[in-house]
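At position 113 of the sequence shown the residue is numbered 121 (this note's numbering), and the sequence of numbers has no breaks.
A short write-up of the structure that comes next.
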Amino acid sequence: KHGTNQPSTSNIMISFAANTKVYLAVGITDMRKSINGLMILAQDVLEKDPFSSHLFVFCNRLRDKIKILYWHNNGFWLLYRRLEKQRFWWPSAKDTGSIEISTRELVWLLEGVDISCIKAHKAEKYSLF
């Protein structure tokens with residue numbers, strides 16, 4: 009329901025191949041940019057191939073809007089999310105370029121989780137010999 013403070017129980021219904029990489033464009037992005045402008049940023053600023061079928065994620069100054077650029081088969085997808093009150097966690101503008109995260113971390117980011125605080129258990133490796 010719009011305007012309620014109920015916690016979200018819905019899942020984001022976007023899925024990608026297991027080998028899909030996600031690149032967060034560090035700092036702020038002018039949200040007036042559309043596919044062509046974001047494609048140029050991915051190529052020239054992030055130094056990545058926008059046709060790679062990976063996800064390129066951009067955020068505005070207020071951190072309440074995110075755009076995701078994605079090449080699929082024969083064309084680009086541009087996904088856009090705008091929050092009404094809250095803010096997204098976003099890497100500091102003092103960094104440059106991009107930060108690579110997993111698709112799982114992207115879902116958490118879109119759900120409002122500060123992914124910089126998430127720590128997983130260390131993988132243990134055992135051997136009998």
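Beta carbons are placed, not taken as given, at the ideal position from N, Cα and C, and that holds for glycine.
Residue i and residue j closer than 9 Å at C-beta
i             : j             : result
methionine 47 : leucine 77    : yes
proline 99    : valine 30     : no
leucine 63    : glycine 105   : no
aspartate 38  : asparagine 68 : yes
Residue environment, residue i, which counts as buried when at least 16 other CB atoms sit within 10 Å
i                 : result
tryptophan 85     : exposed
proline 15        : Bear in mind that the predicted position of proline 15 carries a pLDDT of just 49, short of 50, making it too unreliable to give a figure here.
tyrosine 134      : exposed
isoleucine 4      : No answer is possible for residue 4: the residues shown for the chain start at 9 and end at 137.
leucine 117       : buried
phenylalanine 137 : exposed
leucine 114       : buried
Own chain residues within Cβ distance below 7 Å of residue i, not counting five before or after
i             : result
arginine 90   : Asp72, Lys73
glutamate 108 : Lys29, Val30, Tyr31
alanine 26    : none
Close beta carbons around residue i, own chain, < 8 Å, minus the five adjacent residues each side
i            : result
alanine 101  : Val34, Gly35, Ile36
lysine 130   : none
glutamine 51 : Asp57, Pro58
Rounded straight-line distance, which links the Cα of residue j to that of residue i
i            : j             : result
serine 3     : glutamine 94  : There is no way to answer for residue 3, as the model of the chain reaches only from 9 to 137.
histidine 80 : glutamate 132 : 37 Å
serine 23    : arginine 40   : 26 Å
glycine 120  : serine 110    : 15 Å
valine 65    : leucine 49    : 11 Å
Could you name each continuous beta strand (DSSP E) segment of 3 residues or more that falls completely within the segment 20-77, going from the start of the chain to the end? 30-33, 63-67
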